[in-house]
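Following: one structure in structure tokens, then a few remarks.
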Amino acid sequence: MIHRMRRLRRLDSTRRLVRETRLSWSNLVYPIFVDARVSTKEAIPSMPGIYRYALTELEKEVEEISSLRIPAILLFGLPEKKDLMATEAYASDGIVQRATRLIKKTVPQLTVISDVCLCQYTDHGHCGVVREGTIDNDETLKLLSKIAVSHARAGADIVGPSAMMDGQVKAIRNGLDAAGLSDTAIMGYSAKFASSFYGPFREAADSTPLWGDRRTYQMDSPNKNEALREIALDIEEGADIVMVKPALSYLDILSQARHKFDTPIAAYNVSGEYAMIKAAAEKGWLNEQAVVMEVLTSIKRAGADVIISYFAKTVARQLQEATE
Ligand code: PBG
């Protein structure tokens, strides 16, 4: 007897009936770069279609995102000036703080997630405080907590620590609670790998480290058990959402984490993953719309509840135009 698997593939209607994974605009988070140094919006060459926005351009942008029913944005700031201690990162009139206040006033129903890190704000470009050529974990925790509190005071709904310092979620939870901000959630960049797929982002965010690399704090890419331990620790420390980053080369980790943990899981479809598809599509080598849908659906199928992607706007539009 032949097992006729093709029976349920014959009609589009039947295929829809038995489809196991459905991507929705409600799964998506759109990253936004706000730049204190520009007066309009500036294109990012290695990320076609993505811009660095001046505050004055932000309202239009977030209104569009909100009209596409995307539930959340992830906010990255580029400050006017950088220094050794990343002071603009926790200034109450810093670029992310000002942007957050503006966004929450313009579209209060849009969830604002703020990236909490030092690398855009330090003159050396590392994610932590540098002492004698190394990154001082515990000194950095104090700053991360300060940054998170100042973002939350400006109105951020969720703070996302991405520095990969040990104990960062706990330090931030304690800081938020002590400041009376117990309703602010934490999305931990829990399993964040030292990946070469961040290249275009570093160009966009002007955050390439001046010396060395991030391998002493971000994870070594071959490690899976360690990733699961990082996630378990973040949950223990109080993370409301955990993350695997990047997404595509780490779908195995996403899938294992899904089986192991019941905390919401985010996956970050990072800048290099965006650039690859854009470049191939520009050459006419790939059908961008079809490939993007396949990629983001695979991230959901692997177990992500939340998908952070530079494709969020185009995919939301595509899904809303679809007849299914
Ligand atoms: C900052 C940060 C990075 C990304 C998100 N937050 C860069 C890095 O760690 O060097 C990368 C995102 C992307 O590539 O899209 N810590």
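For the sequence shown, the residue numbers in the working numbering are 1 to 324. Glycine included, C-beta positions come from ideal geometry on N, C-alpha and C. Please read these numbers as outputs of a predicted model, since none were measured by experiment.
Check                                                                                                                                             : Outcome
Shorter than 8 Å, the distance from the beta carbon of K278 to the closest heavy atom of the ligand NAD, or not?                                  : The model on display carries the ligand PBG but not the ligand NAD.
Is it buried or exposed, M243, if we count other Cβ atoms within 10 angstroms and call 16 or more buried?                                         : buried
Can you tell me the Cα-Cα spacing of A267 and K245, whole angstroms?                                                                              : 6 Å
Can you tell me whether DSSP reads Y51 as helix, strand or coil?                                                                                  : strand
Please state if the CB of A194 and the CB of Q218 are separated by a distance shorter than 9 Å.                                                   : yes
Please say whether V129 and S114 have beta carbons closer to each other than 9 Å?                                                                 : no
Looking at the secondary structure, which residues open and close the alpha helix (DSSP H) in which K104 lies?                                    : 95-106
List the whole-angstrom C-beta distance separating G272 from F197, where the pair is believed to meet the contact cut-off of C-beta under 8 Å.    : 3 Å
In chain order, what residues of the same chain lie with their CB nearer than 6 Å to the CB of L251, ignoring the 5 residues before and after it? : A302
The ligand PBG heavy atoms versus the CB of G272: any closer than 8 Å?                                                                            : yes
Taking 8 Å as the cut-off, is the C-beta of D115 nearer than that to any heavy atom in the ligand PBG?                                            : yes
Could you tell me if the beta carbon of K224 falls within a distance shorter than 8 Å of some heavy atom in the ligand PBG?                       : no
Do the stretch 93-109 and the stretch 130-139 touch if we need at least three Cβ pairs shorter than 8 Å?                                          : no
So, helix, strand or coil for L210, using DSSP?                                                                                                   : coil
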